[in-house]
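Asker: My questions will all concern the structure given below.
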Amino acid sequence: MIFLLKRSALLLLVSAAALAGCNSGDSNGQKDGAEPQGGQQALVDKPVVSTEPVTLELYAYVARMTEDNFQNVIVKQVQKKYPHISVNLSFGGRGDLEKRIAAGTVPDIIFTANNIYPAVKMLDIPFDMTSSIKKFGIDLSKFDKEAVATIRDMEADKSMYAVPFSLNAGALFYNKDMFDRFGVPYPSDGMTWDQVIDISRTMTKQVDGVQYVGWDAGMPDAIAAPFGVSLVDPKTFKSTFNSPAYKKVFELQKAAWDMPGYLGQKGTDTRFSIAAFIGQKRVGMDAEWVSELLLPLADAEANGDAPNWDIATLPNFAEHAGKGRDLHAGFLLISKQSKYKDQAMQLIEVVTSKEAQLYMSRNGRMAALNDPQVIKEFGQDVPALRNKKVENIFKYPQSPAYVYTIYDNDILSIVRGIDKEIAVNNKDVNTALREAQEKADKMLDMLTNK
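Residue numbering for the sequence shown is -20 to -1, 1 to 430, as defined by mature numbering (1 follows the signal peptide of the UniProt record, and there is no 0).
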């Protein structure tokens, strides 16, 4: 899910976007969507766009954005350059776009993520932006390369049906006070998951009536990301997670669940809420999406109730050392039904400019640009991030995103429910995986034969 949020302590625009990369040349030998050779952007003929007042609808689909953030980041940036363009914000959850189509009120611009895009594509909404990107001089090479590749891979002809807006990444957040309490050295960069397990064993214990946990085992799909294993085969629509990769992931998590005390008094706590790390301060390490944890930590800092925390690089399996989680990017796409496609492109041009992206980065949101200054200045206007090792967020490149289908989210709960079968119902990993895949395939058969 994507977040665009602002609190008194932090403007954290979340989730997911980032796309960039090289493109095929045009008849003049220039890269598609790139600046003219020599960087002479002024030589590009500016498109003639009506300056009559228009109002665009920006639709956050399966996404969140506060009104305050919308006004300060989107509206003001756009009206500064294009005062004739106004923007209204609306929201939608799963299934709401179908209702908008039926009502004939499809929004102009949709803000969503790569894992949600297949649902939008199925409704035949995305507009092919390839020519418009070139027309408006948007240089695709300025974006994160993997993000652009992900957008191209979403379509068979590799066309650009979206533009990257923001990124997300995983990192290892840790409670320094808890490490100090148990006399354990702080996590080092480049750790393997086996090292995380070894550290966790030294801190998973009950002290003074409080059950401490060294490492929150988290979500299996997040840990499996560097393997590049999809949940659903995009050709056969059969589940694919009964694999050596997921077996390795669940064996890793089982090593944590088997630690005395990990599962809690009821014996069912396979993973923990953010509150256990921030408020209760009883989780030592949390490998989490940056977008999920930075904002709550900043709020806790503002309230004087934050743990003494810092950031290490994301752990991995030895064979995938130096890789980050799979690419999660926030995209902006234009609907085919919009009457104001050129004005929508002007909005996208503004919010993906270095000025806008640098502002977002300085305020704690991962920008889509592959720009050293934008990356280096991440979080500099956020008091909670001062003196933190934020550079560790950017140390490892993100793993390529696997191909999502419209059914991934339907079976995700099955994958994430395997933990209870192993940890609570005492099934072995192979049996739990096999039974989960059988359950998923039955669901997929039902969904594909509707």
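The beta-carbon is built from N, C-alpha and C at its ideal position, and this holds for glycine as well.
Is Gly5 helix, strand or coil by DSSP?
Answerer: Note that Gly5 scores a pLDDT of 35, beneath 50, so its modelled location is shaky and nothing firm can be said.
Asker: Exposed or buried, Thr184, counting other C-beta atoms within 10 Å across all chains shown (16 or more means buried)?
Answerer: Buried: at least 16 other Cβ atoms inside 10 Å.
Asker: Consult DSSP for residue 435 and reduce its assignment to one of helix, strand or coil.
Answerer: A question about residue 435 goes unanswered here, because the residues of the chain that appear run from -20 up to 430.
Asker: To which residues does DSSP link Phe123 through a beta bridge?
Answerer: The partner list for Phe123 (beta bridge, DSSP) reads Leu349.
Asker: So who's on the other strand from Pro144, going by DSSP bridges?
Answerer: In the DSSP output, where bridge partners are listed per residue, Pro144 has Phe311.
Asker: Tell me Thr172's beta-bridge partners as DSSP assigns them.
Answerer: For Thr172, which the question treats as bridged, DSSP gives the partners Asn296.
Asker: Can you round the beta-carbon distance between Asp388 and Val212 to whole angstroms, since I take them to be within the 8 Å contact cut?
Answerer: That belief holds up - the Cβ atoms of Asp388 and Val212 are roughly 6 Å apart, short of 8 Å.
Asker: Return the chain-ordered list of same chain residues with a C-beta closer than 6 Å to the C-beta of Val176, the five sequence neighbours on each side being excluded.
Answerer: Trp195, Pro295, listed in sequence order.
Asker: Got a sec, what are the start and stop residues for the alpha helix (DSSP H) Phe252 sits in?
Answerer: From DSSP, Phe252 is part of no alpha helix (DSSP H); its letter is neither H nor E.
Asker: Please work out which residues of its chain come closer than 8 Å, Cβ to Cβ, to Trp173, disregarding the five sequence neighbours upstream and downstream, and give them in chain order.
Answerer: Ile203, Leu232, Pro295, Asn296, Phe297.
Asker: Quick one: grab the DSSP three-state call for Asp425.
Answerer: Reduced to three states, the DSSP call for Asp425 is helix.
Asker: For Pro396 and Met199, which I take to be in contact (beta-carbon distance under 8 Å), what is that distance rounded to the nearest angstrom?
Answerer: With the sequence shown as reference, residue 396 is identified as Arg, and Pro is not the correct amino acid for it. With a Cβ gap of about 6 Å, Arg396 and Met199 count as contacting.
Asker: Flag this pair as touching only if the region 354 to 363 and the region 332 to 346 have three or more C-beta atom pairs under 8 Å; answer yes or no.
Answerer: Output reads yes: the region 332 to 346 touches the region 354 to 363.
Asker: Inspect the CB distances between the region 79 to 93 and the region 316 to 335 and report whether three or more fall short of 8 Å.
Answerer: With a cut-off of 8 Å, the region 316 to 335 and the region 79 to 93 count as touching, because enough Cβ pairs lie within range.
Asker: I'd like the list of long-range same chain contacts for Ala235, defined as Cβ closer than 7 Å, with 5 residues on each side in sequence excluded.
Answerer: Closer than 7 Å at the Cβ level, and outside the excluded window around Ala235, lie Ile177.
Asker: Once the 5 residues before and after Ala225 are set aside, which same chain residues still bring their CB inside 7 Å of it?
Answerer: Hits under 7 Å: Ala204, Phe207, Val209.
Asker: So Val354 and Lys334 are supposed to be a Cβ contact under 8 Å. How far apart are they, rounded?
Answerer: Right, their Cβ atoms sit about 7 Å apart.
Asker: Using a Cβ-Cβ cut-off of 6 Å (strictly less than) and excluding sequence neighbours within five positions of Ser223, which residues of its own chain qualify?
Answerer: The answer, listed in chain order, is Val209.
Asker: For Phe257, collect the residues of the same chain with a Cβ closer than 6 Å to its Cβ; drop the 5 residues on either side in sequence, then sort them by chain order.
Answerer: Result list for Phe257: Val263, Asp266, in chain order.
Asker: Give me whichever residues DSSP pairs with Ala93 in a beta bridge.
Answerer: DSSP lists Gly310 as partners of Ala93.
Asker: Is DSSP giving Asp322 helix, strand or coil here?
Answerer: In the structure shown, Asp322 sits in a helix (DSSP, three-state: H, G or I).
Asker: Look at Asn94 and Tyr384 and say whether their C-beta atoms are less than 8 Å apart.
Answerer: The answer is yes: Cβ separation under 8 Å.
Asker: Measuring CB to CB, does Leu120 end up less than 8 Å from Ala324?
Answerer: It is not a contact, given that the beta carbons lie outside the stated cut-off.
Asker: Assuming Tyr154 contacts Trp289 under a Cβ cut-off of 8 Å, what Cβ separation, rounded to an integer in Å, is found between them?
Answerer: Rounded, the Cβ-Cβ distance is 7 Å, consistent with contact.
Asker: Beta-carbon within less than 8 Å of Ala14's beta-carbon, same chain only, minus the 5 sequence neighbours each way: which residues are those?
Answerer: Reliability fails at Ala14, whose pLDDT of 42 lies under 50, so the model's placement of it is uncertain and no value is given.
Asker: Anyone know if the C-beta pair for Ile179 and Val193 falls short of 8 Å?
Answerer: It is not a contact, given that the beta carbons lie outside the stated cut-off.
Asker: Below 8 Å between beta carbons: does that hold for Ile373 and Ala151?
Answerer: The answer is yes: Cβ separation under 8 Å.
Asker: For Ile291, list the residues DSSP reports as bridge partners.
Answerer: Paired residues: Phe153.
Asker: Using beta-carbon positions only, say whether Leu77 and Ala40 come within less than 8 Å of one another.
Answerer: Cβ distance not < 8 Å, so Leu77 and Ala40 don't count as in contact.
Asker: Between Ala420 and Thr130, is the Cβ-Cβ spacing less than 8 Å?
Answerer: Not in contact: Ala420 and Thr130 (Cβ atoms no closer than 8 Å).
Asker: So, with DSSP's three-state summary, where would you put Gln245?
Answerer: It is coil, neither helix nor strand.
Asker: What separation, rounded to the nearest whole angstrom, lies between the Cα atoms of Lys215 and Leu427?
Answerer: In a straight line, the C-alpha of Lys215 is about 15 Å away from that of Leu427.
Asker: Within 10 Å of its beta-carbon, does Val34 have 16 or more other beta-carbons around it, so buried, or fewer, so exposed?
Answerer: Under this definition Val34 is a buried residue.
Asker: Which word fits Asp104, buried or exposed, when buried means at least 16 other C-beta atoms lie within 10 angstroms of its C-beta?
Answerer: Exposed, because fewer than 16 other Cβ atoms sit within 10 Å of the Cβ of Asp104.
Asker: Specify, as a first and last residue, the run of the alpha helix (DSSP H) that Thr110 falls within.
Answerer: 110 to 115 is the span of the alpha helix (DSSP H), which, as asked, contains Thr110.
Asker: Flag this pair as touching only if the region 410 to 417 and the region 243 to 252 have three or more C-beta atom pairs under 8 Å; answer yes or no.
Answerer: Touching, no.
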